[in-house]
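S.K.:
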Amino acid sequence: MGKKVLLVEDEPNIIEAISFILSRDGFTVHTHEDGMTVMDKLNVQTPDMIILDVMLPGRSGFDILRDLRADPRFETLPVLMLTARGQTHDRELALRLGANHFMTKPFSNSDIRDHVRETLAS
Amino acid sequence: MAISDSHHQVRPGARLRDLRIQAGLRQVNLAETLGISASYLNLIEHDRRRIAGKLLVRAADALGVSPARLTEGADPDLVARMQTAAAGMDDPPDAASATDLATRAPRWAHLIAHQHRQIAALESQVQELGDRLHYDPDLASTLHDVISTATAIRSTAAILTEDETLDADWLARFHRNIHEDAIRLAVSSDRLIAKLDPQGREGQPSPPLEARPLPQADADAKALRTDPFLRAAREAGFDPARLAGLAPPAQLLRRLASLSVDDGAPKMGLVVCDGAGVVTHAAGVPGFDLARQGGACALWPVFTALGQPGRVVEATVELPGDPAKRLRCHAIAEARSPAHFGHPPVIEATMLVQFDPPEGSSAPLPIGLTCRICPRHACAARREPSVL
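If you're matching them up, the sequences are chains A and B in order. When we follow this note's numbering, the leftmost residue of the first sequence carries the number 75, and every step to the right adds one. When we follow this note's numbering, the leftmost residue of the second sequence carries the number 241, and every step to the right adds one.
#1: May I ask you to list, following chain order, the residues of the region 101-135 of chain A that have a beta carbon less than 8 Å from some beta carbon of chain B?
#2: What does M647 (chain B) pair with, by DSSP beta-bridge criteria?
#3: Can the beta-carbon of N183 (chain A) be found closer than 8 Å to that of A398 (chain B)?
#4: Within 10 Å of its beta-carbon, does T150 (chain A) have 16 or more other beta-carbons around it, so buried, or fewer, so exposed?
#5: Could you check whether the Cβ of K77 (chain A) sits closer than 8 Å to any Cβ belonging to chain B?
#6: Alpha carbon to alpha carbon, how far is D340 (chain B) from L310 (chain B)?
#7: Among residues of its own chain, excluding the 5 on either side of A335 (chain B), which ones have a beta-carbon nearer than 7 Å to its beta-carbon?
#8: Should L126 (chain A) and V79 (chain A) be called a contact, given that it needs their Cβ atoms to be closer than 8 Å?
#9: Kindly indicate the opening and closing residues of the alpha helix (DSSP H) around E90 (chain A).
#10: Would you kindly work out how many angstroms separate the C-alpha atoms of K179 (chain A) and D301 (chain B), rounded to a whole number?
#11: Our contact map puts C513 (chain B) next to F543 (chain B) with C-beta atoms below 8 Å; I'd like the distance itself, whole angstroms only.
#12: Between the Cα of A308 (chain B) and the Cα atoms of B:L362, B:L256, B:P346, which residue gives the shortest distance?
#13: Below 7 Å on C-beta distance, what does R431 (chain B) contact in chain A?
#14: Between which two residues does the alpha helix (DSSP H) carrying M322 (chain B) extend?
#15: Give the residues from the region 77-91 of chain A that approach chain B closer than 7 Å (Cβ to any Cβ), ordered along the chain.
#16: Tell me, which residues are paired with F125 (chain A) by DSSP?
#17: In the DSSP assignment, the beta strand (DSSP E) including H521 (chain B) goes from what residue to what residue?
#18: When the Cα of G547 (chain B) is compared with those of B:E574, B:A522, B:R623, B:L567, which residue comes out closest?
#19: Could you name the residues of chain B that P180 (chain A) contacts, counting a contact when the two beta carbons are closer than 7 Å?
#20: In chain order, what residues of the same chain have a beta carbon less than 7 Å from the beta carbon of L142 (chain A), not counting five sequence neighbours either side?
#21: Below 8 Å CB to CB, which residues in the same chain sit around L406 (chain B) once its five sequence neighbours on both sides are set aside?
#22: Could you list the residues in the region 270-282 of chain B with a C-beta less than 9 Å from some C-beta on chain A, going in chain order?
#23: Taking 8 Å as the cut-off, does the region 128-136 of chain A touch the region 164-175 of chain A (at least 3 CB pairs, one atom from each stretch)?
#24: Let me make sure I understand the geometry here. Which of B:V553, B:L411, B:P606, B:A538 has the alpha-carbon closest to that of A621 (chain B)?
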């Protein structure tokens, strides 16, 4: 079984597209749509990497990232942040909170696939 | 517009014409004020008749400038505005050449200064749109929908074009997704356009608060003529308290806010509300336009002033953010019209907002724009939960 990627995103057709391209590349993709309950999901199953949207129902991706980095189990877990807003402020905040990488929507499939490959190759 | 560079000497007529246009006066109006015919004024403005003596003094007075400004060399304000325009260049021309150009070709010099002002206004508009996006959760949410849908379409379309081995089920699924997203994109982009360009939609939405003219603007400009007031304001460091004797406080605050950054004034904002606390004018304070949609934070001095008419309320306030933004506010509430028997006074509060105040001895007052987007959850003035 390939390395596990958790995709936290609330847009169904983005979920389907990203899941498809990463699954084709050999990764096992789990998805979650709700910001409020994502930490519960992580307590059950730890992925090798998270792709985390910023604007989620319930809680923002920034809040989730803050919680992840405060938990010793997830402090080194690779996190790729996705946001529809490419403002400098968002990028700086994501990186300051401990995101490993930041991608602005709309992104290209190859960018996201290459980044996941690179991150999980090591 | 005819622009002549042929004369190197001062042309009082051209100077007079420039100042009249700047003041927003028509030739016929100024001629009437001066007691001459419009055609004679036209000849003067084209330097085909000389202007001097009492007529020169009257013209200068009508335009709120000194007579010397019509007859002496380069207009110092114009030179200053050209130098401001040049200041942003990597390799600015030397200061002396600005004076030379303003003397020889004042119309061209005005064109440079005017275009610089327009560029600054457009940059400010872009900044305000950025601020609006940051502060307006509805707009941010609509934009998020548009971009998310576009992302889904882009990713799905790329799969369809790049992957030739898709089986029929996936193919049908992705085609359906693109179709659904195309419909959603049409709806969300329509909503976005409606938010950004409400005039382009049906109905007559209220104009932006900033676009509403102040009814007192003309009277303020006459009571405090630009040139002498700008000089006095500069000397007082644009501190309203140090200008107190010049005019009633509300007029002073409005007039300070009307000064142009182009003329060397610092950026200032103005907020006016009626006795019910409804904001009727808000200019130069990013995000304050939201007050119309969601109700402004009750802690702003403009609302505090409503409770103590006639007293100037001064406060340094701090907006949340990273970094937090400090503002210096002066506000006063006063009756908008003379008192009448048997009728309650109509109260209006006016607040001048100045940016980047010096560090003061007392701690700034923590405030927000509106409760909906304010992170100060424990605030005593909170009237509804924050979405943050």
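C-beta atoms are modelled at their ideal positions from N, C-alpha and C, and glycine is treated no differently. Bear in mind that the values here come from a model prediction, so they are computed numbers and not experimental data.
M.R.: Let me lay it out:
#1: Of all residues in the region 101-135 of chain A, only M129 place a beta-carbon less than 8 Å from a beta-carbon of chain B.
#2: Limits of chain B in this structure are 241 at one end and 628 at the other, which puts residue 647 (chain B) out of reach.
#3: The Cβ-Cβ distance between N183 (chain A) and A398 (chain B) falls below 8 Å.
#4: In the assembly as shown, T150 (chain A) is an exposed residue. Its beta-carbon has fewer than 16 other beta-carbons within 10 Å.
#5: Output row for K77 (chain A): interface = no.
#6: Their Cα atoms are separated by approximately 16 Å.
#7: For A335 (chain B), where only same-chain residues beyond five positions count, the Cβ hits under 7 Å are Q323.
#8: A distance of 8 Å or more separates the beta carbons of L126 (chain A) and V79 (chain A).
#9: Taken as a continuous stretch (DSSP letters only), the alpha helix (DSSP H) holding E90 (chain A) covers 86-98.
#10: If I take the Cα positions, the gap works out to 59 Å.
#11: At roughly 7 Å, the Cβ-Cβ gap stays under 8 Å, so C513 (chain B) and F543 (chain B) are in contact.
#12: Checking every option, the nearest Cα to that of A308 (chain B) belongs to B:L256.
#13: Listed along chain A is no residue with a C-beta nearer than 7 Å to that of R431 (chain B); the closest approach is about 15 Å.
#14: Start and end: 316-327.
#15: Taking a C-beta cut-off of 7 Å against chain B, the contacting residues of the region 77-91 of chain A are E85, N87, I88, E90, A91, listed in chain order.
#16: Residue 125 (chain A) is actually Ile in this sequence, not Phe. DSSP, once it has assigned bridges, lists A:L81, A:L154 as partnering I125 (chain A).
#17: Membership of H521 (chain B) in the beta strand (DSSP E) is indicated by the continuous run 519-523.
#18: Cα-wise, what sits closest to G547 (chain B) is B:E574.
#19: When 7 Å is used as the limit between beta carbons, P180 (chain A) is near these residues of chain B: I387, A390, T391, R394, in chain order.
#20: If we look at L142 (chain A) and ignore the five residues flanking it on each side, its Cβ neighbours are F148, L151, V153.
#21: Excluding sequence neighbours, L406 (chain B) sits near I399, L400, F414.
#22: Here the close residues number zero.
#23: For the pair of segments examined, the region 164-175 of chain A was found to touch the region 128-136 of chain A: the number of CB pairs separated by less than 8 Å reaches three.
#24: Nearest Cα to A621 (chain B) within the set B:V553, B:L411, B:P606, B:A538: B:A538.
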